[in-house]
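Here it is as structure tokens:
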């Protein structure tokens with residue numbers, strides 16, 4: 439009887455782990471979309487060039503952009519630090 443009990447326990451554990459892996463796969467797929475969108479985002483500091491971007495660009499605080507890329511680096515194997523953010527000119 440103990441063999442059947444142990445087998446039942448192992449089957450239940452496999453079922454539980456299968457459900458967990460399925461849930462984590464769904465979460466990973468959703469996060470992958472976010473990571474890919476952040477990776478494709480273009481950051482451009484127009485200040486040193488004394489240019490004004492057109493209406494298709496928005497302003498993002500530099501510290502926020504760095505924090506966003508740092509968070510992406512912590513959750514993704516992409517290397518955002520190979521993409522430099524040019525420093526602002528003297529204001």
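Numbering (this note's numbering), first residue to last: 439 to 529.
Even glycine gets a Cβ: it sits at the ideal position worked out from N, Cα and C.
None of the values given here were measured: they were computed from a predicted structure.
Residues near residue i by beta carbon distance below 6 Å, same chain, minus five either side
i, result
"residue 491", "484"
Span separating the alpha-carbon of residue i from that of residue j
i, j, result
"residue 440", "residue 447", "10 Å"
"residue 456", "residue 464", "12 Å"
"residue 442", "residue 449", "10 Å"
"residue 493", "residue 472", "24 Å"
"residue 488", "residue 454", "59 Å"
"residue 451", "residue 495", "51 Å"
Closest residue to residue i among the options (Cα-Cα distance)
i, options, result
"residue 500", "511, 457, 482", "482"
"residue 497", "512, 480, 511", "480"
"residue 512", "469, 454, 451, 453", "469"
Per-residue burial, residue i [other beta carbons within 10 Å of its own, 16 or more giving buried]
i, result
"residue 529", "The predicted model places residue 529 with a pLDDT of 47, which falls under 50 and marks its position as unreliable, so this point remains unresolved."
Beta-carbon contacts of residue i that lie in its chain and below 7 Å, excluding the five residues immediately before and after
i, result
"residue 458", "none"
"residue 444", "none"
Residues near residue i by beta carbon distance below 8 Å, same chain, minus five either side
i, result
"residue 466", "none"
contact_flag[the region 476 to 487, the region 497 to 510] where n(CB pairs < 8 Å) is 3 or more: Touching, yes.
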